[in-house]
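Below is one structure, written out as structure tokens, with a few remarks after it.
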Amino acid sequence: MLQNLNHFDVIVVGAGAAGLYTALCLPSHFRVGLIAKETINLSASDWAQGGIAAAIAADDSPQLHVEDTLQAGAGLCDRASVEFLAHKAPESIQSLVGMGVAFDRRDRELALTIEAAHSRRRVLHAADTTGRQVIATLTARVLERQNIQVIPQTIVLSLWLNPQTGHCEGISLFDSNRILWLRARAVVLATGGGGQVFAQTTNPKLSTGDGVAIAWRAGAMLRDLEFVQFHPTALTKPGADRFLISEAVRGEGAHLMDDTGKRFAFDYHPAGELAPRDVVSRAIYSHLQRTSADPATACVWLDLRSIPEAKIRQRFPNIIQVCQHWGIDVFQEPIPVAPAAHYWMGGIAADLTNRTSIPGLYAVGETASTGVHGANRLASNSLLECVVFGAQMALLKDEVEGRKDEYTGSDFSLYPLSFSLSEIDWLSQQTTIEAIRYELPRLVWQSAGICREQQGLERAIAQVQLWQQAFITLPLSQFLLQLPPGQPAHINVSDLSANLPANSLEIEQSLRLWSETRNLLDIAYLILKSAAFRTESRGGHYRLDYPHTDPHWQAHTLIQYEQWWKSEPTAT
Numbered sequence: 032m033l034q035n036l037n038h039f040d041v042i043v044v045g046a047g048a049a050g051l052y053t054a055l056c057l058p059s060h061f062r063v064g065l066i067a068k069e070t071i072n073l074s075a076s077d078w079a080q081g082g083i084a085a086a087i088a089a090d091d092s093p094q095l096h097v098e099d100t101l102q103a104g105a106g107l108c109d110r111a112s113v114e115f116l117a118h119k120a121p122e123s124i125q126s127l128v129g130m131g132v133a134f135d136r137r138d139r140e141l142a143l144t145i146e147a148a149h150s151r152r153r154v155l156h157a158a159d160t161t162g163r164q165v166i167a168t169l170t171a172r173v174l175e176r177q178n179i180q181v182i183p184q185t186i187v188l189s190l191w192l193n194p195q196t197g198h199c200e201g202i203s204l205f206d207s208n209r210i211l212w213l214r215a216r217a218v219v220l221a222t223g224g225g226g227q228v229f230a231q232t233t234n235p236k237l238s239t240g241d242g243v244a245i246a247w248r249a250g251a252m253l254r255d256l257e258f259v260q261f262h263p264t265a266l267t268k269p270g271a272d273r274f275l276i277s278e279a280v281r282g283e284g285a286h287l288m289d290d291t292g293k294r295f296a297f298d299y300h301p302a303g304e305l306a307p308r309d310v311v312s313r314a315i316y317s318h319l320q321r322t323s324a325d326p327a328t329a330c331v332w333l334d335l336r337s338i339p340e341a342k343i344r345q346r347f348p349n350i351i352q353v354c355q356h357w358g359i360d361v362f363q364e365p366i367p368v369a370p371a372a373h374y375w376m377g378g379i380a381a382d383l384t385n386r387t388s389i390p391g392l393y394a395v396g397e398t399a400s401t402g403v404h405g406a407n408r409l410a411s412n413s414l415l416e417c418v419v420f421g422a423q424m425a426l427l428k429d430e431v432e433g434r435k436d437e438y439t440g441s442d443f444s445l446y447p448l449s450f451s452l453s454e455i456d457w458l459s460q461q462t463t464i465e466a467i468r469y470e471l472p473r474l475v476w477q478s479a480g481i482c483r484e485q486q487g488l489e490r491a492i493a494q495v496q497l498w499q500q501a502f503i504t505l506p507l508s509q510f511l512l513q514l515p516p517g518q519p520a521h522i523n524v525s526d527l528s529a530n531l532p533a534n535s536l537e538i539e540q541s542l543r544l545w546s547e548t549r550n551l552l553d554i555a556y557l558i559l560k561s562a563a564f565r566t567e568s569r570g571g572h573y574r575l576d577y578p579h580t581d582p583h584w585q586a587h588t589l590i591q592y593e594q595w596w597k598s599e600p601t602a603t
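When we follow this note's numbering, the leftmost residue of the sequence shown carries the number 32, and every step to the right adds one.
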């Protein structure tokens with residue numbers, strides 16, 4: 032439950048690498064509210080295995096890092112953003128080391144590996160749990176800071192915009208049976224991606240696109256939402272989650288093969304298994320379409336047996352452990368793998384200081400579209416982006432402090448509404464919402480997965496719109512969506528009728544399901560519409576009916592409310 036509810040200078044929504052690092056980089060005299068959907072140490076960043084890229088080797092340079100990133104981005108990276116990222120990378124690594132991140136070392140030097148589409152060994156790692164090591168260290172530093180109030184297991188519902196100025200001045204959230212509005216001088220969205228909109232994804236359950244959906248509904252400009260990176264090698268076994276088998280495994284010498292033992296990846300690209308992720312994912316998809324009787328459930332095989340056993344044990348202990356749990360001995364047999372949705376290149380359009388089109392609203396990490404990833408992210412640039420751009424919030428001290436006299440009134444609001452929750456047939460609505468939540472990811476995977484085409488996209492858009500209409504007309508939706516700023520609801524469990532959940536935990540779970548389903552419906556709509564809008568293939572967006580890259584489409588897709596349009600052409 033929220034304690035000491037008074038004014039926050041900055042509210043950071045999201046407790047992954049982007050949110051944690053941003054909170055740490057804000058001035059120590061700022062009062063910071065750090066909102067975590069789960070506990071503070073559970074996020075998609077915690078799942079990151081491969082590492083974090085930085086040009087620190089003698090034979091490397093930031094400029095080579097820039098060129099590799101631009102090449103992977105397929106013509107849609109912003110060069111200034113990429114140069115900023117690559118040149119800030121070594122400094123960011125030193126910052127993480129100074130905080131206590133225990134990267135692997137070789138003879139006292141930071142150990143480096145290579146991943147697909149990198150021209151040098153520049154990926155730092157901590158065995159195969161780099162994200163977990165980074166998150167654990169950042170979490171420890173956050174908990175030491177007296178100015179940061181962690182607010183765990185809290186569901187953010189919407190942004191609070193000033194009706195006169197359009198400035199973001201807070202959020203609405205659900206916390207401990209209360210829906211309330213909380214003020215701040217600035218709001219930072221660092222909520223990660225939206226992989227759960229796809230039936231097959233390496234993302235954790237909490238990755239439901241919350242930040243992008245919330246910002247879109249408030250009128251923020253979005254960019255390039257059709258570009259989703261599908262990781263080529265996710266564990267594919269009945270009953271198992273789509274556990275990511277790190278690209279670093281292939282960087283160390285593992286290779287892909289089909290049921291006959293053929294290393295088929297070279298049939299699709301000269302770099303074979305080390306081609307860019309989108310290329311390898313499509314190679315697997317295409318190969319299974321040609322060779323499998325049931326491509327939807329088929330897999331290929333990732334063989335680690337060419338790597339020395341000692342190297343596997345040193346570099347990939349977590350992969351060994353997870354595979355053993357599912358009955359796979361990586362030293363004796365290959366791992367069954369297939370592509371799964373992994374990373375969202377698009378997001379809320381943001382500049383180099385994380386500003387969005389809404390004054391007072393900022394976006395950091397996977398939630399943002401800063402121009403560093405273009406149409407296809409270079410491996411291990413994601414954790415780097417979180418750190419480099421999280422640090423930029425320190426530069427906005429004067430901007431945030433300058434807002435202190437812009438508004439008057441209470442810093443938070445909590446008043447009961449006259450609407451009675453007892454009027455809601457909770458159980459029947461729960462069934463409707465659960466059905467949408469089950470069917471939606473399957474529809475999006477089939478129509479906007481690795482390969483897309485117009486007819487399937489249009490059918491899926493029509494179905495999502497039907498679901499959106501059914502969802503919005505639910506009495507529960509009508510109740511939750513009628514909350515104006517300053518008039519939240521206090522849900523009193525003891526007053527609930529028999530057709531409502533019996534305890535506060537069930538209410539929390541039900542409202543979270545409602546909120547996440549609403550967000551997933553919106554981002555499904557946004558991805559599908561954006562994929563239909565871009566009539567070419569580029570990076571993570573592949574159209575069967577437009578299989579070639581079109582130079583006229585070397586431009587960003589821009590979205591605001593229900594408007595889609597092309598940006599000016601990007602520089603080559």
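Glycine included, each C-beta is placed from N, C-alpha and C at the ideal position.
Nothing here was measured: the structure is a model prediction, and the numbers come from that model.
Of the listed residues the options, nearest to residue i (C-alpha basis)
{"i": "A46", "options": "P183, P365 and A279", "result": "P183"}
{"i": "S323", "options": "T291, Y299, I166 and T387", "result": "T291"}
{"i": "R248", "options": "L333, T170, V403 and Y556", "result": "Y556"}
{"i": "R574", "options": "A120, N178 and D309", "result": "D309"}
{"i": "W332", "options": "D298, A369 and Q345", "result": "A369"}
{"i": "R346", "options": "V403, L512 and S277", "result": "S277"}
{"i": "N385", "options": "I351, F420 and W375", "result": "F420"}
{"i": "F258", "options": "T398, I538, L544 and R281", "result": "T398"}
{"i": "T588", "options": "Y577, D576 and A563", "result": "A563"}
{"i": "L275", "options": "S112, H404 and Q231", "result": "Q231"}
{"i": "P235", "options": "T222, S123, F205 and S568", "result": "T222"}
{"i": "I186", "options": "A586, T168, W595 and Q540", "result": "Q540"}
{"i": "D90", "options": "H149, M130 and S561", "result": "H149"}
{"i": "V41", "options": "M130, V218 and W584", "result": "V218"}
{"i": "A117", "options": "L107, L95 and A371", "result": "L95"}
{"i": "Q125", "options": "A84, T566 and L107", "result": "A84"}
{"i": "S508", "options": "L474, E283 and T548", "result": "T548"}
{"i": "I538", "options": "Q352, I210 and M288", "result": "I210"}
{"i": "A215", "options": "Y299, A501, V353 and V44", "result": "V44"}
{"i": "G131", "options": "R163, F115 and K119", "result": "R163"}
{"i": "A381", "options": "G402, P367 and A111", "result": "G402"}
In DSSP terms, what residue i is bridged to
{"i": "Q594", "result": "Q591"}
{"i": "C199", "result": "L192"}
{"i": "R214", "result": "G201"}
{"i": "V368", "result": "L266 and V331"}
{"i": "V43", "result": "L65 and V219"}
{"i": "S400", "result": "A380"}
{"i": "T232", "result": "A372"}
{"i": "R574", "result": "R483"}
{"i": "I83", "result": "L155"}
{"i": "R606", "result": "Past the boundaries of the shown model lies residue 606; the chain is included only from 32 to 603, so the question cannot be answered."}
{"i": "L253", "result": "I379 and I590"}
{"i": "L275", "result": "A265"}
{"i": "R386", "result": "Y393"}
{"i": "R569", "result": "H572"}
Contact belief for residue i with residue j at Cβ below 8 Å, rounded distance in angstroms
{"i": "G377", "j": "L253", "result": "7 Å"}
{"i": "G240", "j": "G250", "result": "At roughly 17 Å, the Cβ-Cβ gap does not stay under 8 Å, so G240 and G250 are not in contact."}
{"i": "I166", "j": "V154", "result": "18 Å between Cβ atoms; not a contact."}
{"i": "A553", "j": "A244", "result": "At residue 553 the sequence reads Asp, which differs from the Ala that was named. Right, their Cβ atoms sit about 4 Å apart."}
{"i": "V311", "j": "A296", "result": "6 Å"}
{"i": "T233", "j": "A271", "result": "At roughly 12 Å, the Cβ-Cβ gap does not stay under 8 Å, so T233 and A271 are not in contact."}
{"i": "P93", "j": "A103", "result": "About 16 Å; that fails the 8 Å criterion."}
{"i": "L544", "j": "I379", "result": "Not really, about 24 Å apart at Cβ, beyond 8 Å."}
Start and end residues, alpha helix (DSSP H) containing residue i
{"i": "V495", "result": "Q485 to I503"}
{"i": "L512", "result": "P506 to L512"}
{"i": "Y469", "result": "W457 to A479"}
{"i": "L392", "result": "From DSSP, L392 is part of no alpha helix (DSSP H) but of the beta strand (DSSP E) over L392 to A394."}
{"i": "I315", "result": "R308 to T322"}
{"i": "K342", "result": "E340 to R346"}
{"i": "V644", "result": "Given a span of 32 to 603 for the chain in the structure shown, any question on residue 644 remains unanswerable."}
{"i": "Q94", "result": "P93 to A103"}
{"i": "A49", "result": "A48 to C56"}
{"i": "V361", "result": "Counting along the chain, V361 falls outside any alpha helix (DSSP H), and DSSP gives it neither H nor E."}
{"i": "D429", "result": "K428 to E432"}
For residue i, the first and last residue of its enclosing beta strand (DSSP E)
{"i": "T264", "result": "V259 to L266"}
{"i": "L287", "result": "H286 to M288"}
Any chain B beta carbon closer than 8 Å to residue i
{"i": "Q540", "result": "No chain B is part of this structure, which consists of one protein chain only."}
query: What are the complete beta strand (DSSP E) segments, minimum 3 residues, inside the segment 136-189?
result: List check, beta strand (DSSP E) in window: 179-182.
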